[in-house]
Amino acid sequence: MTCTTMELTERLLSRPSGAVARSDLAGHVAIHGALSLPKRDDRSWSDGVLRAVAESGLLGRGGAGFPSAIKWDAARRGARRPLLVVNAMEGEPASAKDRVLLSYSPHLVLDGADVAAAVIGASEVVICVADDSGPTAASVDAAIAERTRAGRSRRRFSVARPPGRYVSGEESALIAWLNTRQALPTLRIDKSVALTVGRRPTLVHNAETLSHVALIARHGAAWFRQAGTFEAPGTTLVTVTGAVRSPGVVEIALGTPVADILVRAGADAQLSGVLMGGYGGAWLDPAHLATPYAPGPLADVGATQGVGIIVALPTSSCGIAETARIARYMAGESAGQCGPCVFGLPAIADDLELLWAGRADADLLPRIHHRADTVEGRGACRHPDGVVRLVRSAMALFADDVRAHAAGRPCPGHAAPSVMPFPATPAIRGSGS
Amino acid sequence: MSARQRVAIRVRVDPIACDAYSYCAELLPERVTLDEWGYPIVDGTPVPAELVELATRAATDCPRRAVLLERVVVGR
């Protein structure tokens, strides 16, 4: 790599030049240096790390963007020893960041988990990897064995394998799976009440979040803040796919213009839209590609960082077709518990497929908006809300195409194949055809 | 809680427990309407005193025990 600014942002993904293999424990220490942890519970060490993480301003990288230090502070105030759960489920089909991280640098995540566990007083760490991500789980298993052999950890680390479905990684579903082996979201009436596994209060962190913790524990908050913006400090992993020559996971400083991320991945010069955040994210208007990639600026243009997904939609594609496929996929990924999600998402997908096929009835457009309004906020989890956000953004960004499709004249790209990475590409049915 | 505040109740629905029996919408149409699939759409504003008895019935009569009454503090 010759670009200096790029090297500055290679933290999680940094490796000796030319090396592309997985870092074992020795390789990991050679890149990042050894991590020193106290031998026993050490209040002043914990306070110091907690302060560093708070000052670093680290925001969770699992989608919600919650300040990590606040979660820790709550967890370590409990009466019982907490459990630390590492969420590496990565149920978003377009995301690969946590898999890449755990496949190439598993020790960075485990270091971060070790630090977080030490601070909150957890004696056990469970890393959740989807049951369809075998190589990732094998890398983590091997890393745990390496650390055990090296006598590095005084905590119990294990890997759990919940089902690889979209909602399995939702925090309450993950906790439910650990308790009952049913990966179904639960209704949380008061979100300030701690989740529990057995009777232990449980802290859930995204895998990438913990890898940043591993580096903050080594280098401090000021170092962390050398990259990123004041409100959104540090670097982050982004999975870039779609109309790009080099799809994959990149590490960027938060605040980097979306356009620069796309250029780096070799995106087409002209795009008709950019999917941001994931399948429960939003379409970004290419007119807003100068927007800094950070939660605040993205929200200002109706987009979201989500779990770090960017999918470039080529001008040859149809945004309505892609949105219809995503809606159909998301309807199929409902946990099947809440009526508005069970009935609402398939109904919205039906509407979008009629629109795609140019078979809209006179009520179709208002019906889509009405159904989006009806479904929003009425599930136990946010699964339906994500679909609603995506559909609304599609109706706005692709308004010209929407009008043409609704008038029975589907756009030229309507039959183009999907650029979205689905586990299995959902068929577009154009109901009734 | 200051003297200017009082406790009121508001209706919530547990969407996982709910099976669209729709008794709540019949008993308390002032706060519960139904969507096109028969599931309750709840107006979460505080229930006025004269409707508290009906709200309580909506909660106790729900076959799925999906109607929840939540205490909220409201200004006078």
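Chain order of the listed sequences is A and B.
Position in the first sequence (from 1) plus 768 gives the number in this note's numbering.
Position in the second sequence (from 1) plus 321 gives the number in this note's numbering.
Quick reminder that beta carbons are idealized off the backbone N, C-alpha and C, glycines included.
Check	Outcome
So, are the CB atoms of G742(A) and T977(A) less than 8 Å apart?	In the structure as shown, chain A begins at 769 and stops at 1201. Residue 742(A) is therefore absent and cannot be evaluated.
Please work out which residues of its chain come closer than 7 Å, Cβ to Cβ, to T777(A), disregarding the five sequence neighbours upstream and downstream, and give them in chain order.	A995, T1003, E1019, I1020, A1021
Between R790(A), L1113(A), D1129(A), which has its C-alpha nearest D1153(A)'s C-alpha?	L1113(A)
Assuming V821(A) contacts I984(A) under a Cβ cut-off of 8 Å, what Cβ separation, rounded to an integer in Å, is found between them?	6 Å
In three-state DSSP terms, what is L826(A)?	coil
How do the region 870-885 of chain A and the region 908-916 of chain A stand: do at least 3 beta-carbon pairs fall below 8 Å, yes or no?	yes
Any C-beta of chain B sitting closer than 8 Å to the C-beta of T948(A)?	no
Can you give me the C-alpha to C-alpha distance between D1068(A) and S814(A), rounded to a whole angstrom?	37 Å
Could you check whether the Cβ of D382(B) sits closer than 8 Å to any Cβ belonging to chain A?	no
Counting only beta-carbon atoms, is P369(B) nearer than 8 Å to chain A?	no
Does the CB of I337(B) have a neighbour CB from chain A at under 8 Å?	yes
To test your reading of the DSSP string, which unbroken beta strand (DSSP E) runs of 3 or more residues are found completely within the region 926-992 of chain A?	968-974
When you compare the CB positions of R993(A) and G825(A), do they come within less than 8 Å of one another, or not?	yes
Could you check if Q1105(A) is buried or exposed, using at least 16 other CB atoms within 10 Å of its CB as the buried criterion?	buried
Quick one: grab the DSSP three-state call for C896(A).	strand
Sort E892(A), G966(A), A906(A), G1016(A) by Cα distance to S921(A) and report the nearest one.	E892(A)
With 7 Å as the limit, tell me which residues of the region 1127-1148 of chain A have their beta carbon closer than that to any beta carbon of chain B; keep them in chain order.	T1142, R1146, G1147, A1148
Does the beta-carbon of V328(B), which I'm using as the reference point, lie nearer than 7 Å to any heavy atom of the ligand ZN?	This structure lacks the ligand ZN, and indeed carries no ligand of any kind.
Using a Cβ-Cβ cutoff of less than 8 Å, which residues in the same chain neighbour L793(A) once the five nearest sequence positions on both sides are dropped?	H875, A911, E914, R915, A918, R920
By Cβ distance below 7 Å, which residues in the same chain neighbour G396(B) in space, the five residues on each side in sequence not counted?	R325, Q326
I need the DSSP call for S1040(A), collapsed to helix, strand or coil.	strand
To the nearest angstrom, how far is the alpha carbon of A842(A) from that of I888(A)?	9 Å
I'd like to know whether the C-beta atoms of L963(A) and S940(A) end up nearer to each other than 8 Å.	yes
Which residues in the same chain have their Cβ closer than 6 Å to the Cβ of A1162(A), if we skip the five residues on either side of it in sequence?	W1051, G1087, T1091
Can you name the residues of chain A whose CB is closer than 8 Å to the CB of Y344(B)?	Correct list: empty, because the minimum Cβ distance to chain A is about 15 Å.
Buried or exposed: where does F1111(A) fall if 16 or more other Cβ atoms within 10 Å of its Cβ makes it buried?	buried
Should D364(B) be flagged as near chain A, meaning a C-beta pair shorter than 8 Å?	no
Could you check whether L1030(A) and V1017(A) sit closer than 8 Å to each other, using their CB atoms as the reference points?	no
Report the neighbours of F1111(A) on chain B: residues whose CB is nearer than 7 Å to its CB, in chain order.	W358
Listed in chain order, which residues of the region 953-966 of chain A have Cβ atoms closer than 9 Å to some Cβ of chain B?	P953, T954, L955, I957
Tell me, please, whether the CB atom of A341(B) is closer than 8 Å to any CB atom in chain A?	yes
Looking at C-alpha atoms only, which residue of R867(A), I1136(A), L1057(A), L851(A) is the closest neighbour of A881(A)?	L851(A)
By DSSP, does E347(B) sit in helix, in strand, or in coil?	helix
Between which residues of its own chain and C771(A) is the CB-CB distance below 8 Å, once the five residues before and five after are set aside?	For C771(A), the predicted model reports a pLDDT of 39, less than 50, meaning its position is unreliable; a value from the coordinates is still stated below. Nothing listed; no residue qualifies.
Three-state secondary structure (DSSP) at R924(A)?	strand
For P1108(A) and chain B, any beta-carbon pair shorter than 8 Å?	yes
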